[in-house]
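Participant:
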Amino acid sequence: MNTYDARRMEDILRPMGYTSVATPDTADMVILNTCHIREKATDKVFSDLGRIREHKLEQEKNGHQMIVAVAGCVAQAEGDVILKRAKYVDMVFGPQTYHQLPEMLAKVTGAYGSARIINTDFPVEEKFDFLPQENAVTGATAFLSIQEGCDKFCTFCVVPYTRGSEYSRNAASIIAEAKRLAANGARDITLLGQNVNGFHGEGLDGKTWGLGRLIRELADIEDVKRIRYTTSHPCDVQDDLIEAHRDVPKLMPYLHLPVQSGSNKILKAMNRKHEIETYLETIEKFKSVQPDIALSSDFIIGFPGETDDDFEATYDLVKKIGFTAAFSFKYSARPGTPAANMQNLVREDVKDARLQRLQSLLFEQALNYNQSFIGKTVEVLFDGRQSREGQLHGRTRYNTAIHAVANDRLYGQVMDVIVESAGQMALHGRVKTEGN
Ligand code: 5AD
Ligand code: SF4
């Protein structure tokens, strides 16, 4: 979502004469778009800021101004600390205020007298109604934010505090954006939301639409060849989404459904509102309509109170389900969240050992899955040019990355590719059709 937000910031700034550059050294403005989800991501902000300060001082020596801004969820959560700690930061603004960038910039650059800005409001107006039409050139794959914020309040998570409460855009504006993305070259669109399957936006008929209904409508856009969505919550899987997986060929057989832990005790302490049994049932529903669906998940290891048995339950769940890809993290206490005050913390070395064990299993599963494609033909949408000439990067229907020997003119197209080898992260192959 930060990638999407950064693009939208570009859209707002372009008419003001800004354009994005490759390095920050001589930029007129640097915006750090930040993530607060784990401590590591937050720490990075301050080290990055230190480096940007050097560039700013250098620019000032040469008589140039460099505006330094911190955006995103760290700005939302720790804005005042940033302004106090980093005197050279000119602007701090949260993820719900970036549509106000022109006014904020005017204040900083002196049009109304120069001032440092902090803007961490949750404005009553919705930013999507105030953003200009996106006008950046898109690649063959594009993100489209359809829902933001979260009301679930998992005890470890900052999102409800930094992104605010759940909001769904209306279908008309989403469809219009998808059409423009397609006209600009996007073929594979990933619908985004912190709780994307909780989507309940106003439909074209004035009724409330769920995610499945929205997907059906988006599938009618001819140039959109593939549709994905992320991230889903196990409690919000509606029948219309399952039916869309059954009926809509453009909806890819890929599901990222975070489970976080395999222990019901830990799920309860996390306030996940689902149990392992219901999670398994939900997965079965998807499999019953799309048997080849690729499953991916998120895991938190070492949540307060996690015993060896709880961890074994997570390990067993992974063995049982078999994920094709996954993200696993050590629990990181986040200020202001209920879990940050919990007792029975897990020792760091224990967390490390558990994470390592789980990750070797996940890596093994990913490798086995990828190797199962060797010798087979897969449908690939080419979405990236490689540094090696004569090769393109693409994705299979299952979201697996693939590097293939392919002519550059196949960029943006869906082609049959024969898989020749496979690693844990990606497949390798060549385009099937003769003459390409
Ligand atoms: N510590 C570790 N991982 C976290 N996540 C969210 N909050 C934390 C935290 N405090 C992980 C969850 C979530 C993913 C986006 O980040 O697994 O699904
Ligand atoms: Fe955070 Fe996801 Fe839980 Fe919402 S559902 S609080 S975004 S982990």
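Per this note's numbering, the very first residue in the sequence shown carries number 30; after that it's consecutive.
Glycine included, every Cβ here is placed at the ideal spot set by N, Cα and C.
1) Give me the Cα-Cα distance between L286 and N226, rounded to the nearest whole angstrom.
2) Can you find at least 3 beta carbon pairs, one from the region 188-205 and one from the region 305-312, that sit closer than 8 angstroms?
3) Cβ of C102 within 7 angstroms of any heavy atom in the ligand SF4?
4) Return the CA-CA distance between H84 and N91, expressed in angstroms with no decimal places.
5) Taking 7 angstroms as the cut-off, is the CB of Q488 close to at least one heavy atom of the ligand SF4?
6) Please find out if some non-hydrogen atom of the ligand 5AD comes closer than 7 angstroms to the beta-carbon of S194.
7) What are the residues that DSSP puts in a beta bridge with M120?
8) Which whole-angstrom value is the C-beta distance of Y47 and S174, which I expect to be below 8 angstroms?
9) Quick one, which of L296, D339, D252 has its alpha-carbon nearest C264's?
10) Drop a sphere of 10 angstroms on the beta-carbon of V446, count the other beta-carbons inside from all chains shown, and report buried for 16 or more, exposed for fewer.
11) Looking only at its chain, what residues have a beta carbon closer than 6 angstroms to the beta carbon of N465, apart from the 5 residues adjacent to it on each side?
12) Would you mind giving the Cβ-Cβ distance between F172 and L221, rounded to the nearest angstrom? I have them listed as a contact below 8 angstroms.
13) What's the call for K254, buried or exposed, on a 16-neighbour Cβ count within 10 Å?
14) Look at the alpha carbon of A355 and the alpha carbon of F328, and state the distance between them as a whole number of angstroms.
15) Is the region 363-371 touching the region 180-190 in the sense that three or more CB pairs, one from each, lie closer than 8 angstroms?
16) Who pairs with K359 in a beta bridge, going by DSSP?
17) Does DSSP classify N465 as helix, strand or coil?
18) Just to confirm, does C186 get its C-beta within under 7 angstroms of one of the non-hydrogen atoms of the ligand 5AD?
19) Taking just the CA atoms, how far does N397 sit from V379?
20) Would you say the beta carbon of H432 is closer than 7 angstroms to some non-hydrogen atom of the ligand SF4?
21) Suppose the cutoff is 7 angstroms on Cβ atoms and the five residues either side in sequence are ignored; what does the same chain contact list for A342 look like?
22) Classify Y440 as helix, strand or coil using the three-state DSSP reduction.
23) Based on Cα-Cα distance, which residue from Q420, A433, Y440, P44 lies nearest to V448?
24) Report the start-end ranges of each alpha helix (DSSP H) in the region 176-230 that is 4 residues or longer and not cut off at the edges.
25) Contact defined as beta carbons within less than 8 angstroms: I believe F513 pairs with L240. What is the distance between those atoms, to the nearest angstrom?
26) Should Y360 be listed as close to the ligand 5AD, given that the test is whether its C-beta is under 7 angstroms from any heavy atom?
27) Comparing the CB of C64 with every heavy atom of the ligand SF4, is any distance shorter than 7 angstroms?
28) Do P152 and Q125 have their C-beta atoms closer together than 8 angstroms?
29) Using the DSSP secondary-structure output, state which residues sit across from T259 in a beta bridge.
Facilitator: With the structure as the only source:
1) Straight-line measurement puts the Cα of N226 at about 10 angstroms from the Cα of L286.
2) The way I'd put it, the region 188-205 doesn't touch the region 305-312; fewer than three beta-carbon pairs between them come closer than 8 angstroms.
3) Every heavy atom of the ligand SF4 is 7 angstroms or more from the Cβ of C102, so no.
4) Distance between H84 and N91, taken at the CA atoms: about 11 angstroms.
5) Because the chain in this structure spans residues 30 to 465, residue 488 falls outside the shown range and cannot be described.
6) No, the Cβ of S194 stays beyond 7 angstroms of every heavy atom of the ligand 5AD.
7) For M120, which the question treats as bridged, DSSP gives the partners A98, I146.
8) Not quite, the Cβ-Cβ distance comes to about 21 angstroms (not below 8 angstroms), so this is no contact.
9) Nearest option by C-alpha distance: L296.
10) Residue environment for V446: buried (at least 16 other C-beta atoms within 10 angstroms of its C-beta).
11) Any reading at N465 must be qualified, since the residue scores a pLDDT of 45, below 50, and its modelled position is unreliable; no value is offered.
12) Yes, F172 and L221 are in contact; Cβ-Cβ is about 5 angstroms, under 8 angstroms.
13) So K254 counts as buried.
14) Taking the straight line from one Cα to the other gives about 8 angstroms.
15) With contact defined as three or more Cβ pairs closer than 8 angstroms, the region 180-190 and the region 363-371 are in contact.
16) Here K359 is bridged, per DSSP, to I330.
17) Confidence at N465 is low in this model, with a pLDDT of 45, below 50, so the placement of that residue should be treated as unreliable; the coordinate-derived value is given next. Correct three-state label for N465: coil.
18) Yes; taking the cut-off as 7 angstroms, the Cβ of C186 has a heavy atom of the ligand 5AD nearer than that.
19) Rounded to the nearest angstrom, the two C-alpha atoms are 27 angstroms apart.
20) Taking 7 angstroms as the cut-off, one finds no heavy atom of the ligand SF4 near enough to the beta carbon of H432.
21) Shown here for A342: same chain residues with a beta carbon closer than 7 angstroms to its own, the five before and five after excluded, namely G291, S292 in chain order.
22) Collapsing the DSSP output to three states places Y440 in coil.
23) Per the Cα distances, A433.
24) As far as the region 176-230 is concerned, its whole alpha helix (DSSP H) runs of at least 4 residues are 188-191, 200-212.
25) Residue 513 is absent from the structure shown; the chain starts at 30 and stops at 465.
26) In terms of side-chain proximity, the C-beta atom of Y360 is found nearer than 7 angstroms to a non-hydrogen atom of the ligand 5AD.
27) Flag unset: Cβ of C64 not near the ligand SF4.
28) A distance below 8 angstroms separates the beta carbons of P152 and Q125.
29) In the DSSP output, where bridge partners are listed per residue, T259 has L221.
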